[in-house]
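S.K.:
Residue numbers (our numbering): 25 to 313.
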């Protein structure tokens, strides 16, 4: 047996085999961190295990961004199960400092903040009131405006927050995905999927109620430094297989999220990943993503 790990040609064959096995294991770990598309698919035993890992990801990205030239951390959040997960995990951190955070919304329903459908309203009650983020650090829509003006007003707020950038570049976008493969308020076969000029677009005919919404467009999503999808539960397994492994028909909206320069993470629990056949990461408990 040939072995490149020799010390005066005295390594026994079984030692050579062990060293080669260890080397191959580490090479495989390095290889599987990203698939051929550059994305990482990270699977946790349950949503309860995913939540703390998500909080570690957010705080690590925040620390990195705040130590960079901008001196701040910009994050876009989504609704759905992410509201409860982020609120629970971030508020449990004992020394969380959000004073240099800017929180925006990947999409929003044009309803009063008191409406249960308001994503901002949910975050305000569950998270924003419990962290030390200044009021100026929260980019919310003006729900009193008609949907077209609401989108234009939110785009203006982004321009003011990201001066000098034609397309705002968030440090981190946290996205969910519906059972139909939609993300943000970008739905299958909808004309907004082809929007390339606007950073924020209005939608008046959402297939999912409420019908009037504003959403970040794909150019903004794909400009982010890091995009992380969070998807849990067995009901997501079929659509995840199609989005991540391909299938017949046009690409679903979530599959069109391909950051031009940034990272793409898919954070899943085992039930959501049950139908996948491609290689995935399964990190040890407490590991940094």
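Note that the Cβ used here is the ideal one computed from N, Cα and C, for glycine as well.
None of the values given here were measured: they were computed from a predicted structure.
Assuming contact is defined by CB atoms lying nearer than 7 Å, are residue 273 and residue 194 in contact in what I supplied?
M.R.: Taking 7 Å as the Cβ cut-off, residue 273 and residue 194 do not qualify as a contacting pair.
S.K.: Just to confirm before moving on: does the CB-CB distance between residue 177 and residue 166 stay below 7 Å?
M.R.: Yes. Within cutoff.
S.K.: Are the Cβ atoms of residue 196 and residue 88 separated by less than 7 Å?
M.R.: Not in contact: residue 196 and residue 88 (Cβ atoms no closer than 7 Å).
S.K.: Mind listing, in chain order, the continuous beta strand (DSSP E) runs of no fewer than 3 residues lying wholly within the stretch 68 to 140?
M.R.: Complete beta strand (DSSP E) runs here, min 3: 97 to 101, 125 to 129, 131 to 133.
S.K.: How many whole angstroms separate the CB atoms of residue 260 and residue 201, which I take to be in contact at a CB cut-off of 8 Å?
M.R.: Confirmed, Cβ separation roughly 7 Å.
S.K.: Spatial neighbours of residue 96 within its chain, please: C-beta separation below 8 Å, excluding the five flanking residues on both sides.
M.R.: Excluding positions up to five away in sequence, the list reads 89, 90, 124, 125, 126.
S.K.: Alpha carbons only, please: which of 278, 254, 219, 179 is nearest the one belonging to residue 206?
M.R.: The shortest C-alpha separation from residue 206 is found at 278.
S.K.: Between the stretch 137 to 151 and the stretch 180 to 195, do at least 3 Cβ pairs fall closer than 8 Å?
M.R.: At 8 Å Cβ cutoff, the stretches do not touch.
S.K.: Please report the straight-line C-alpha distance between residue 255 and residue 308, rounded to a whole angstrom.
M.R.: Cα to Cα, the separation comes out at about 19 Å.
S.K.: Between which two residues does the alpha helix (DSSP H) containing residue 185 stretch?
M.R.: Segment 171 to 185, the alpha helix (DSSP H) holding residue 185.
S.K.: Going straight from the alpha carbon of residue 65 to that of residue 81, what length do you get?
M.R.: Near 14 Å, if we compare the C-alpha coordinates of residue 81 and residue 65.
S.K.: Can you tell me which of 192, 235, 188, 312 puts its alpha carbon nearest to the alpha carbon of residue 210?
M.R.: Closest by alpha carbon: 235.
S.K.: Compare the C-alpha of residue 146 against each of 114, 108, 157, 120 and name the closest.
M.R.: Nearest option by C-alpha distance: 108.
S.K.: Residue 282: which of 293, 294, 295, 268 sits nearest, CA to CA?
M.R.: Answer by Cα proximity: 268.
S.K.: Can you list, in chain order, the residues of its chain whose CB lies under 6 Å from that of residue 301, leaving out five sequence neighbours each side?
M.R.: Answer for residue 301: no residue qualifies.
S.K.: State buried or exposed for residue 83, treating a residue as buried only when at least 16 other CB atoms are found within 10 Å of its CB.
M.R.: Under this definition residue 83 is a buried residue.
S.K.: Residue range of the alpha helix (DSSP H) that residue 261 falls in?
M.R.: Element bounds for residue 261: 261 to 269.
S.K.: Could you say which of 170, 263, 192, 115 lies nearest to residue 212 if we only look at CA atoms?
M.R.: Of the candidates 170, 263, 192, 115, the one whose C-alpha sits nearest the C-alpha of residue 212 is 263.
S.K.: Determine the burial state of residue 190: buried for a count of at least 16 other Cβ atoms within 10 Å of its Cβ, exposed for fewer.
M.R.: Exposed is the call here.
S.K.: Would residue 54 be called buried (16 or more neighbouring beta carbons within 10 Å of its own) or exposed?
M.R.: Confidence at residue 54 is low in this model, with a pLDDT of 38, below 50, so its placement is unreliable and the value that follows should be read with caution. Residue 54 comes out exposed.
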